[in-house]
Structure formats: structure tokens, C-alpha cells
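In UniProt numbering, the protein residues as written are 1 to 603.
See the structure below:
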């Protein structure tokens with residue numbers, strides 16, 4: 001029988017592996033940021049051997065024919081975003097919330113390593129970005145990225161659809177025949193400010209409401225002048241994008257209802273600003289979500305969708321790096337967010353290399369270690385919050401932090417507790433230095449001061465809080481602020497005290513978090529969003545059988561629990577901590593991390 005090769009994860013999961021001799025990573029391993037290992041021969045039937053034509057048809061249209069399926073997948077193809085005039089024509093009746101930007105200068109910086117991208121060569125100056133015709137490279141700020149595994153994107157001649165891959169930690173823009181515009185730094189003095197959310201004009205809000213409530217099949221057809229763009233897609237792809245842009249099918253699961261219309265508008269603008277580069281990420285994201293939720297998706301092929309997600313990573317790698325202009329930066333960051341969501345739902349991982357690649361470039365543009373503004377866009381807030389939470393678990397340095405906004409700012413993901421993110425960022429730095437025994441006495445004093453700051457912190461509630469948001473949102477955001485504050489105190493406590501020491505206080509804080517989750521579910525009749533990291537900290541404190549059962553049952557109070565991969569992964573992680581703690585009394589859970597199952601905690 002003919003044989004093929006498969007990496008260990010694909011072999012044991014009995015799924016198709018796209019490993020080839022010229023490609024050191026299959027699609028599954030590339031999304032997880034690691035090289036294929038333990039390659040072994042397996043029967044051809046185990047990898048679902050198909051002809052090139054069958055594979056191409058399967059991936060591009062679930063069996064639906066396409067006139068030239070590879071025409072729009074040329075390497076390094078850059079489609080310029082629609083002109084301002086086109087955007088105005090399309091979106092004149094849809095409001096976009098305006099924002100203001102301010103610049104703050106941080107007092108600390110982090111330079112603990114170098115994040116290089118040696119594939120190509122670019123020269124970046126304070127005023128302009130020059131791209132050579134054949135090679136480009138990016139000079140990024142020094143950042144410690146010990147958690148970022150390599151993702152390879154190299155080309156293989158054995159298949160027309162084999163992805164080109166290199167280490168995602170070495171992502172660099174592809175060469176582009178289009179001249180780069182001068183950096184926004186040359187035109188505006190506030191280089192340390194992220195994009196201004198108010199750069200697009202808004203008008204009547206009725207259009208947004210009407211679009212949001214329209215049937216899915218009507219949404220995309222109404223987005224003239226983009227009809228010619230949509231004609232490139234097959235029926236299944238058009239249906240996926242149409243359902244994605246309908247708020248009742250997707251967005252309401254991730255943010256509160258008051259933010260849904262704005263997110264729907266942003267997603268539409270971002271998608272069509274980078275349609276050729278972004279469509280794979282958005283389609284793969286929704287397909288994985290719909291499969292998890294059991295929604296109607298037609299013929300869903302997990303392997304083909306995984307391949308589509310890997311192609312989205314390649315598109316992100318080949319995109320020219322944006323400037324600080326809103327119309328450049330946010331669609332590019334939104335593409336990365338789509339890949340992160342896809343990876344979380346399809347693989348149960350956080351796509352850390354993608355996330356840190358985006359944040360590294362944002363930090364490079366700002367020239368600071370903090371994203372500082374009164375109206376930071378929710379995409380950057382989410383990516384930064386996930387990075388901080390995962391660095392807390394791994395005792396590593398996050399790419400950047402977020403300076404506290406003006407009092408009363410409410411974010412779509414972290415609500416009113418955004419100021420806590422900067423405390424958690426500082427906690428990452430202290431934990432990292434204590435772990436590596438750097439300035440221990442100084443860091444111990446810093447930990448004491450940080451504990452006092454967190455204990456004294458209270459959320460600033462805007463005057464119109466109860467009128468701007470629904471009753472359920474108010475309940476959830478206030479509970480979220482209490483839960484995150486308690487979680488920060490619990491992490492600080494366990495940084496000082498391993499298991500077996502100070503267990504009573506840790507147990508009290510754990511029960512407070514789980515109690516808040518149950519109360520929120522009971523009162524609001526809805527699950528709690530964006531508290532996955534605090535839940536994990538609380539669940540690992542359970543000791544006897546009754547407490548462990550209560551902790552696992554409390555997972556149903558999380559919105560993230562709709563994701564079967566998240567639920568399975570979290571349960572396995574918590575159980576592994578319990579088992580290792582029982583076998584190693586007096587051990588800190590932070591020291592267990594290298595031996596625990598991988599997990600994506602999200603926000």
C-alpha cells in the first residue's frame with residue numbers, strides 16, 4: 001500500500017497531514033506555532049489521499065466548481081483598499097463612534113530580546129518607510145518573545161495548494177510594487193498615539209440598525225460597489241461571509257448587545273478594505289465557530305478549513321506593514337484577530353505568534369511600551385489583554401501594555417476594568433524578574449506596592465452607565481471588575497505562597513470568584529463574558545472532591561464554554577494541576593506550567 005508521512009498530532013488524531021519533505025510544518029502544526037515532529041509512515045487511506053483537482057475543489061468550494069480557483073491566491077498579491085470616496089459612498093448612512101487620541105510617555109521600557117525577521121530586508125526611519133523592489137525587512141523594537149514558537153511558511157513543488165511557510169516569529173512583509181506612503185510620524189507630532197477612531201464620518205444610525213437586522217442573504221448584496229469583489233467567491237463562501245456579518249449569528253456571542261452594531265460595521269469595513277488578504281481568515285473563523293455551535297454551514301470539512309486558516313496566516317505574512325493611519329492599521333489588526341479567533345475555536349490554541357507579531361509592529365509604530373489613548377480600539381485591547389494573561393501564566397514579558405484611559409471609558413471586552421490591565425502588565429514584569437532572580441529585593445518591594453494599588457483600585461463608572469447599557473451588561477461589567485480584581489490579588493498571593501502555604505486565603509478568594517460567576521448567571525440569566533483567566537485561577541484552588549465538582553460546574557457560567565475545544569482543554573488543564581499538586585505538595589502551579597497541557601485562556 002502506498003504510504004504518506006504524518007506528524008505525531010495528525011497521526012494520533014487520524015486527520016489529514018499536509019507535511020511534505022520541503023515543508024517542515026503541516027497546517028495544524030503551523031497554526032500552533034511549532035514544527036512537525038515524530039514523522040512516521042502511515043497508510044495513504046489515513047491521510048485521505050486525493051488528486052490535486054479533488055483537493056483544490058474541496059478547499060475552494062466544498063465541491064462547487066470554480067472557473068479559476070487559484071487566480072486570486074498568487075503570492076504577495078496586494079489589493080489596495082478602497083479609496084476614501086468609495087468608502088464614503090458605501091457607508092454614508094452608517095455611524096461610527098468617534099474617538100479622541102492622546103499621547104502619554106511611559107516611564108519604563110522593556111528591551112529583553114530582539115525580534116528579528118530575517119527573510120527580507122527593510123529600512124524604517126522616523127519619517128518614511130522604504131521598500132526595495134525585490135527584498136524588504138522590518139526593523140522592530142527589542143522585545144522578549146520566549147513564548148512565541150516558530151511558524152514556517154516555505155514552498156513545496158509537490159502540490160499546487162501546499163502553503164509556503166517560515167517561522168511566524170520571523171514574519172516579514174512581502175515585496176510590493178506599490179510605493180509606501182510616508183509614515184504618519186512625519187505628518188503628526190503625536191507618534192505615540194494609536195489610530196483615531198473618529199477618522200470616518202458618521203451620519204444616520206438608522207442604516208446600521210437596518211443592516212444589522214436584515215436577512216443574512218441580503219447583507220453582502222447591499223454593499224455596493226463591492227459586488228464585483230463578491231463575484232469571485234463561490235456560493236458557500238458568500239453564504240459564510242453573509243452569516244458572519246449578521247449580528248445574530250456571530251457577534252452577540254462575544255460582546256454585549258450595545259457594542260454589536262459598531263463591531264458589525266467595523267468588521268464589514270475591515271473585510272472589504274483588505275478583501276483578498278482577509279477573506280480566508282474571516283471565512284475560516286466563521287466556519288469553525290458555526291461548526292462548534294452546530295449552526296447550518298452546509299458541507300463542513302475541518303481539514304479544508306484548517307488549510308484555509310493556514311492560508312490566512314500566509315496572507316498576513318505577505319501584507320505590507322501598515323502605518324498608524326486607522327484605515328491601514330485596523331483592517332490589518334482585524335485580520336490577525338480573525339486568525340486568533342479561528343485558532344481558538346478550531347484548535348483550542350491562541351495563535352500566540354500571530355498575536356505577538358501584530359502587537360510588536362504596533363509597539364514599533366508607537367515607539368513606546370504602552371498603547372496610550374483615551375479611546376483604544378477594542379481589537380488592540382483584546383490582543384493585548386490575551387498577551388498579558390498568557391505571559392502571567394508563562395512568567396514571561398508581554399509585548400506591550402495599555403495605559404489607563406480617562407475615567408469612565410468602557411471597552412467592548414474588558415468593560416470598566418481596563419485600568420487593571422496595566423497592573424497586570426506590571427505584575428508580568430515583576431513575576432518575570434523574580435523567576436529569573438533579577439533584583440529580587442527590589443522586585444519584592446515592587447510587588448508589595450502593586451498589591452496595595454490593586455487592593456485600592458475601584459472602577460470608575462461613567463454617569464450615563466445605566467442609560468447607555470442594558471441591565472444585563474451593567475451586571476456583567478460590574479461583576480467582571482470584581483472578578484478581575486480578586487483574580488489579580490489571588491495571583492499575587494500565589495506568587496508569594498506555593499500550594500500548601502496560605503491555602504485558606506487562596507481558597508477564600510477562589511470561592512469569591514466562583515460565587516460571582518454563579519450569581520451573575522442567576523441574576524442576568526446569561527453567561528459571563530471575558531472572565532476565562534480569573535476562572536482558571538479560581539478553579540485550580542479546589543481541593544476536595546466537592547470543591548472540584550463545583551469548580552467544573554462553574555465553567556458553564558462562562559460564555560467561552562460554548563466552545564467545545566475550550567471546555568475540554570480547560571477541564572484537562574485544571575485536572576492536571578490538581579493531580580500534580582497532590583503528587584508534589586508545596587509546589588507552585590507556576591512551576592508546573594512546562595508539564596501541563598497547553599491551553600488558551602483568552603481574556
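For each residue, glycine too, the CB sits at the ideal point set by N, CA and C.
{"query": "Helix, strand or coil at residue 370 [DSSP, three-state]", "result": "strand"}
{"query": "Beta-carbon proximity check, residue 514 vs residue 550, cutoff 8 Å", "result": "yes"}
{"query": "Beta-carbon proximity list for residue 560, same chain, < 7 Å, skipping 5 on both sides", "result": "532, 566 and 602"}
{"query": "Touching by the beta-carbon criterion (3+ pairs, under 8 Å), the region 449-456 and the region 395-409", "result": "no"}
{"query": "Three-state class that DSSP yields for residue 256 in the structure shown", "result": "coil"}
{"query": "Beta-carbon spacing of residue 313, residue 339 below 8 Å", "result": "yes"}
{"query": "Residue 16 classed as buried or exposed, judged by whether at least 16 other C-beta atoms fall within 10 angstroms", "result": "buried"}
{"query": "Assigned exposure category for residue 468 - 16 Cβ within 10 Å defines buried", "result": "exposed"}
{"query": "Rounded separation between residue 208 and residue 271 - CA only", "result": "With a pLDDT of only 31 at residue 208, under the threshold of 50, the placement of this residue in the model should not be trusted; the figure read from the coordinates follows. So the alpha carbons of these two residues sit roughly 16 Å apart."}
{"query": "Alpha-carbon spacing of residue 528 relative to residue 555, whole angstroms", "result": "10 Å"}
{"query": "Residue 392 classed as buried or exposed, judged by whether at least 16 other C-beta atoms fall within 10 angstroms", "result": "buried"}
{"query": "Per-residue DSSP class, three states only, for residue 411", "result": "strand"}
{"query": "DSSP-derived helix/strand/coil call for residue 528", "result": "strand"}
{"query": "Beta carbon of residue 530 nearer than 8 Å to that of residue 480", "result": "yes"}
{"query": "Cα-Cα separation, residue 489 to residue 389", "result": "14 Å"}
{"query": "Beta-carbon gap between residue 605 and residue 336 smaller than 8 Å", "result": "Past the boundaries of the shown model lies residue 605; the chain is included only from 1 to 603, so the question cannot be answered."}
{"query": "Coil, strand or helix - residue 401 by DSSP", "result": "strand"}
{"query": "Contact the region 300-319 vs the region 246-256: 3+ CB pairs below 8 Å", "result": "no"}
{"query": "Residue nearest to residue 562 in terms of C-alpha spacing, selected from 579, 478 and 526", "result": "526"}
{"query": "Cβ pair residue 369, residue 401 closer than 8 Å", "result": "yes"}
{"query": "Where the alpha helix (DSSP H) through residue 467 begins and ends", "result": "465-468"}
{"query": "Minimum length 4: unbroken alpha helix (DSSP H) runs contained in the region 442-500", "result": "465-468 and 471-496"}
{"query": "Segments assigned alpha helix (DSSP H), at least 4 residues, entirely inside the region 230-307", "result": "235-244, 257-273 and 275-293"}
{"query": "8 Å Cβ cutoff met for residue 282 and residue 241", "result": "yes"}
{"query": "Contacting residues, own chain, Cβ-Cβ under 7 Å from residue 293 (five flanking each side not counted)", "result": "562"}
{"query": "Local Cβ density within 10 Å of residue 442, reported as buried at 16 or more and exposed below that", "result": "exposed"}
{"query": "Residue 347 - DSSP class collapsed to helix/strand/coil", "result": "coil"}
{"query": "Simplified DSSP state of residue 427, which is helix, strand or coil", "result": "helix"}
{"query": "Inter-stretch contact at 8 Å, needing at least 3 Cβ pairs: the region 498-512 / the region 451-460", "result": "no"}
{"query": "Residue 605 versus residue 291 - alpha carbon distance", "result": "Because the chain spans 1 through 603 in this model, residue 605 falls outside it and cannot be assessed."}
{"query": "Residue range of the unbroken alpha helix (DSSP H) whose run includes residue 569", "result": "564-583"}
{"query": "Residues near residue 27 by beta carbon distance below 6 Å, same chain, minus five either side", "result": "18, 306, 307 and 310"}
{"query": "Residues near residue 492 by beta carbon distance below 8 Å, same chain, minus five either side", "result": "427, 447, 450, 451 and 454"}
{"query": "C-beta atoms of residue 484 and residue 420 nearer than 8 Å", "result": "yes"}
{"query": "Residue 89 versus residue 415: straight-line alpha-carbon distance, rounded", "result": "At residue 89 the pLDDT is 35, less than 50, meaning the model places this residue with poor confidence and gives no usable figure here."}
{"query": "Residue 585 vs residue 499 beta-carbon contact at 8 Å", "result": "yes"}
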